[in-house]
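Notes follow once the structure below has been shown.
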Amino acid sequence: KTMISNKLKYLFLVSLILIYAHGVEEIINGFQFSDSFMIYGANIFNTTPAIFYWVSHLLWWISLPILFFLFNKKRLGLLLMTLYGLVFFIELHHPIKGLLAGRYYPGMITAMFYPIFGVFYWKQIIKDWKSARK
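One point on numbering: in this note's numbering, the residue at position 5 of the sequence shown is -11, and numbering is uninterrupted.
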């Protein structure tokens, strides 16, 4: 039995457009040079914020479609899809930082779509978990 509904698969695949568009916005506007997490991570690994950004984000961007195809029919897949759903909350740091700074913060435009999309995604995740219990 498939644990993940076709609707959730569709929402996941469509969300990749948002993820990749968000990455483009970050890159174009220099997120990798201004974000405190990128600077902190770079210091931990004794590298530059740009290298830390590219390594962490390329791994993230490449892993998403791979994980989708590897785990989309197992209970583990539903768990991974749930963990992925956290991105719809985490990315809110962009508009929050923009509001606190009182100006544009790299990534904040596309990040404003995350909670809207997240509502649909999380509604479906909850339905799929309920269905998996039956």
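Think of the CB as a built atom: it goes at the ideal place given N, C-alpha and C, for glycine as much as any other residue.
Residue i, buried or exposed, once every other Cβ within 10 Å from all chains shown has been counted against 16
i: Leu(-8); result: buried
i: Val71; result: buried
i: Gly86; result: exposed
i: Phe36; result: buried
i: Ala5; result: exposed
i: Tyr88; result: exposed
i: Leu63; result: exposed
Collapsed DSSP secondary structure at residue i in the structure displayed
i: Tyr68; result: helix
i: Glu10; result: helix
i: Lys58; result: coil
i: Ser(-11); result: coil
First and last residue of the uninterrupted alpha helix (DSSP H) at residue i
i: Arg117; result: 98 to 117
i: Gly25; result: 20 to 28
i: Thr94; result: 92 to 95
i: Gly86; result: No alpha helix (DSSP H) contains Gly86, which DSSP labels as neither H nor E.
Presumed contact (8 Å Cβ cut-off) between residue i and residue j, rounded CB distance
i: Met65; j: Pro79; result: So it is not a contact: roughly 24 Å between Cβ atoms.
i: Pro90; j: Gly14; result: 6 Å
i: Phe104; j: Leu0; result: In fact, because the Cβ distance is near 15 Å, the residues do not count as touching under 8 Å.
i: Ile109; j: Gly69; result: 6 Å
Proximity winner among the options, relative to residue i (alpha-carbon distances)
i: Ile11; options: Lys58, Trp38, Lys111, Tyr98; result: Trp38
i: Ile50; options: Lys118, Leu(-3), Ile109, Lys107; result: Leu(-3)
i: Val8; options: Phe73, Ile23, Phe17, Thr94; result: Thr94
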